[in-house]
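Chains as they are written, first to last, in the working numbering: chain A, 1 to 408; chain B, 1 to 89. This report concerns only the one structure given below.
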Amino acid sequence: MNKRWTLPSGYGRNVLAEYGKDVNSDGLLALVVITALAFDFTNGFHDTGNAMATSIATRALPPKIAVALSGVLNLVGAFLSFSVAATIASGLVSSGSVTLTVVFAGLVGGITWNVATWFLGIPSSSSHALIGGVIGSTIAAAGFSAVKWHGLVSKVLLPALLSPVIAIGIAAIGTLMLLRLTRSIAERSRTRGFRIGQIGSASMVSLAHGTNDAQKTMGVITLALIAHGTVQPGAKAPDWVIISCALAISLGTYLGGWRIIRTLGKGLVEIDERQGMAAESASAATILLSSHFGYSLSTTHVATGSILGSGVGRRGAEVRWSVAGRMAIAWVVTLPAAGLVGAGAEALARGGGTAGLVVVAAAMMAICGGLFLASRKTPISSANVNDEWGSGTSSLLSPAAAPAPVAA
Amino acid sequence: MNTWINWAALGKIVGIGLLAGAGLPALFAIGLRLVTPSSTVAAAAGPVGTFDASGSSAGRGPVALAAGGFCFAVVLAALGYGIFLIVDH
Numbered sequence: 001m002n003k004r005w006t007l008p009s010g011y012g013r014n015v016l017a018e019y020g021k022d023v024n025s026d027g028l029l030a031l032v033v034i035t036a037l038a039f040d041f042t043n044g045f046h047d048t049g050n051a052m053a054t055s056i057a058t059r060a061l062p063p064k065i066a067v068a069l070s071g072v073l074n075l076v077g078a079f080l081s082f083s084v085a086a087t088i089a090s091g092l093v094s095s096g097s098v099t100l101t102v103v104f105a106g107l108v109g110g111i112t113w114n115v116a117t118w119f120l121g122i123p124s125s126s127s128h129a130l131i132g133g134v135i136g137s138t139i140a141a142a143g144f145s146a147v148k149w150h151g152l153v154s155k156v157l158l159p160a161l162l163s164p165v166i167a168i169g170i171a172a173i174g175t176l177m178l179l180r181l182t183r184s185i186a187e188r189s190r191t192r193g194f195r196i197g198q199i200g201s202a203s204m205v206s207l208a209h210g211t212n213d214a215q216k217t218m219g220v221i222t223l224a225l226i227a228h229g230t231v232q233p234g235a236k237a238p239d240w241v242i243i244s245c246a247l248a249i250s251l252g253t254y255l256g257g258w259r260i261i262r263t264l265g266k267g268l269v270e271i272d273e274r275q276g277m278a279a280e281s282a283s284a285a286t287i288l289l290s291s292h293f294g295y296s297l298s299t300t301h302v303a304t305g306s307i308l309g310s311g312v313g314r315r316g317a318e319v320r321w322s323v324a325g326r327m328a329i330a331w332v333v334t335l336p337a338a339g340l341v342g343a344g345a346e347a348l349a350r351g352g353g354t355a356g357l358v359v360v361a362a363a364m365m366a367i368c369g370g371l372f373l374a375s376r377k378t379p380i381s382s383a384n385v386n387d388e389w390g391s392g393t394s395s396l397l398s399p400a401a402a403p404a405p406v407a408a
Numbered sequence: 001m002n003t004w005i006n007w008a009a010l011g012k013i014v015g016i017g018l019l020a021g022a023g024l025p026a027l028f029a030i031g032l033r034l035v036t037p038s039s040t041v042a043a044a045a046g047p048v049g050t051f052d053a054s055g056s057s058a059g060r061g062p063v064a065l066a067a068g069g070f071c072f073a074v075v076l077a078a079l080g081y082g083i084f085l086i087v088d089h
């Protein structure tokens, strides 16, 4: 038990050197912690659909029960994170250029992109949003040479390219086998059986999500604490960090990103229980195996690939590749877009001192608040999440609602 | 030596991924098929008012039930191993 929460020593020294004696460092630390928890929260609602969209679409679970179950499992999963590494984007940017301001600005980039894509109903990667934000803010602070391009390609870009393809393949083969094997089973027993299978496999995805994603924020906060001198390098991550991160991601998940759930559950493929189980099993296996082999994949990319695969594996099923294509464009844009916001935030925050930090925080809250208010005009909730795709409540990914809603 | 892609890890992810991600649901399907009565029987046991005269009330034999149970047990064990991987990670 002694080894729990142990951090690798040496991380964050540079941050300590730069900010340890800064008069504003208490305020900056508090700002980073709050912003990190806010990111964790957006990470939660942005990714609820990865696990639960299929179960909601097939009505294996009532929408509100589904998000509650996912929230609880994310909480449990977050407490299972036994080895928190006090790091942010390690191996992607040179750790010598990561300051508290860089971390703050990177988080701002990640949050802004997460909220913007949620508004548009696009399931994009929360991890990519954070990585993009931090890379952008690092470039603004220390120039392009501070980015480890080889690490970025081999650890982020190639896995992002390969993982959806692998997920499509596994889910398609799984769907093909399930449909064949269950032909002779009466529909009633089949539906009941596969609802259980679907909920079980989706629960594994939720659990893995809680562990993987909450750990990232725990690492960011712990890094900030080490930088501030509150926590010694090599010490355990404080309990309150674990608890607050677990609660933030779980609350976010419970809130349910209905706009994204709708896109994943109804926008790509019309699925039944068997396809749902095939999709979630493929997601769970791909995510768990990859993290076992040291790759931190985007849960979103894998989940989307699996859902597409469950359509590919069913002969005659309509797969809306146009929606998937627009989604893929958003995935490609995620890193640079979050990076631009992160870079802008870093430049403002560094140039403007305390006032700059306040301006950046206020601007981020204004943008997110504005998007939230705008979302009320086309609300998507547990009540209409399962409406026919293409009807008025579709996200901007659906052609019906594309540039401007035309009066019907 | 390729520093961009770890082909060995990729192969394992695809191979074991297929076994776990597609094989386990298939095993679950086989288990379900073994423990559920055939379609005609289930239709006969349907809601009141359903017209179906073809079903005999024969259930599944003990061997089929045991085999089905074994399938479910393997799936559950794999699920447990998955949780162990999460905790152990």
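Virtual Cβ for every residue (Gly too), placed ideally from N, Cα, C. Everything numeric in this text was worked out from a predicted model, so none of it was measured.
query                                                                                                                                        : result
Could you name the residues of chain A that Val87/B contacts, counting a contact when the two beta carbons are closer than 9 Å?              : Leu80, Phe82 and Thr211
Please report how far the alpha carbon of His228/A lies from the alpha carbon of Ala343/A, in whole angstroms.                               : 23 Å
Between the segment 279 to 304 of chain A and chain B, which residues of the former have a C-beta closer than 7 Å to a C-beta of the latter? : Ser281, Ala282, Ala284, Ala285, Thr286, Leu288, Leu289, Ser290, Ser291, His292 and Phe293
How about Ala9/B: is its Cβ closer than 7 Å to a heavy atom in the ligand NAP?                                                               : Questions concerning the ligand NAP fall outside what the structure shown contains, since it holds no ligand whatsoever.
If Thr35/A and Phe104/A are in contact, beta carbons under 8 Å, what's the gap, nearest whole angstrom?                                      : 6 Å
Ser90/A bridges to which residues according to DSSP?                                                                                         : Val93/A
Going along chain B in order, which residues have a C-beta closer than 7 Å to the C-beta of Ser70/A?                                         : Those do not exist, as Ser70/A stays about 15 Å from chain B at its closest Cβ, beyond 7 Å.
What would DSSP say about Val134/A, mapped onto helix, strand or coil?                                                                       : helix
Using only the alpha-carbon positions, how far apart do Thr42/A and Ile199/A sit?                                                            : 24 Å
Rounding to the nearest angstrom, what Cα-Cα distance links Ala160/A and Gly356/A in this structure?                                         : 34 Å
Below 8 Å CB to CB, which residues in the same chain sit around Ile242/A once its five sequence neighbours on both sides are set aside?      : Trp5, Ala78, Phe79, Ser81, Val84 and Met218
Should Leu34/B be flagged as near chain A, meaning a C-beta pair shorter than 8 Å?                                                           : no
List the DSSP bridge partners of Val102/A.                                                                                                   : DSSP output for Val102/A lists no bridge partner at all.
Are the C-beta of Phe28/B and some C-beta of chain A separated by less than 8 Å?                                                             : yes
Cβ of Met364/A less than 8 Å from any chain B Cβ?                                                                                            : no
Determine whether the Cβ of Ala160/A lies closer than 8 Å to any Cβ atom of chain B.                                                         : no
Three-state secondary structure (DSSP) at Val385/A?                                                                                          : coil
Pick from Tyr254/A, Lys148/A, Val360/A and Glu273/A: whose alpha carbon is nearest that of Ser55/A?                                          : Glu273/A
DSSP state of Val84/A, grouped into three classes?                                                                                           : coil
In chain order, what residues of the segment 190 to 211 of chain A put their CB closer than 8 Å to some CB of chain B?                       : Arg190, Gly193, Phe194, Gly197, Gly200, Ser201, Met204, Leu207, Ala208 and Thr211
Apart from the five residues on each side of it in sequence, which residues of its chain come closer than 6 Å, Cβ to Cβ, to Lys21/A?         : With a pLDDT of 39 at Lys21/A, under the threshold of 50, the predicted position of this residue should be treated as unreliable, and no value is reported.
Which value, in whole angstroms, describes the spacing of the CA atoms of Val87/B and Asn212/A?                                              : 11 Å
Would you call Ala8/B buried or exposed, if buried means 16 or more other Cβ atoms sit within 10 Å of its Cβ?                                : exposed
Alpha carbon to alpha carbon, how far is Gly27/A from Leu269/A? Give it in angstroms, no decimals.                                           : For clarity, residue 269/A is Val in the given sequence; the question names Leu instead. Distance between the alpha carbons of Val269/A and Gly27/A: 48 Å.
For the segment 1 to 12 of chain B, enumerate the residues whose C-beta is nearer than 8 Å to any C-beta of chain A, in chain order.         : Thr3, Trp4, Ile5, Asn6, Ala9, Leu10 and Lys12
With a cut-off of 8 Å, does the C-beta of Gly82/B fall near any C-beta of chain A?                                                           : yes
How would you list, in chain order, the residues of chain B whose beta-carbon sits under 9 Å from the beta-carbon of Gly174/A?               : Leu18, Gly21, Ala22, Gly23, Leu24, Pro25 and Ala26
When you compare each of Gly169/A, Ser290/A, Leu371/A and Ile131/A to Leu85/B by their alpha carbons, which one comes out closest?           : Ser290/A
Taking 8 Å as the threshold (beta carbon to beta carbon), is Ser55/A in contact with chain B?                                                : no
Would you report the Cα separation of Ser137/A and Leu76/B, rounded to the nearest angstrom?                                                 : 45 Å
Which complete alpha helix (DSSP H) runs does the segment 261 to 338 of chain A hold, if anything under 4 residues is left out?              : 273 to 292 and 299 to 312
May I have the straight-line CA-CA distance separating Val220/A from Gly305/A, to the nearest angstrom?                                      : 28 Å
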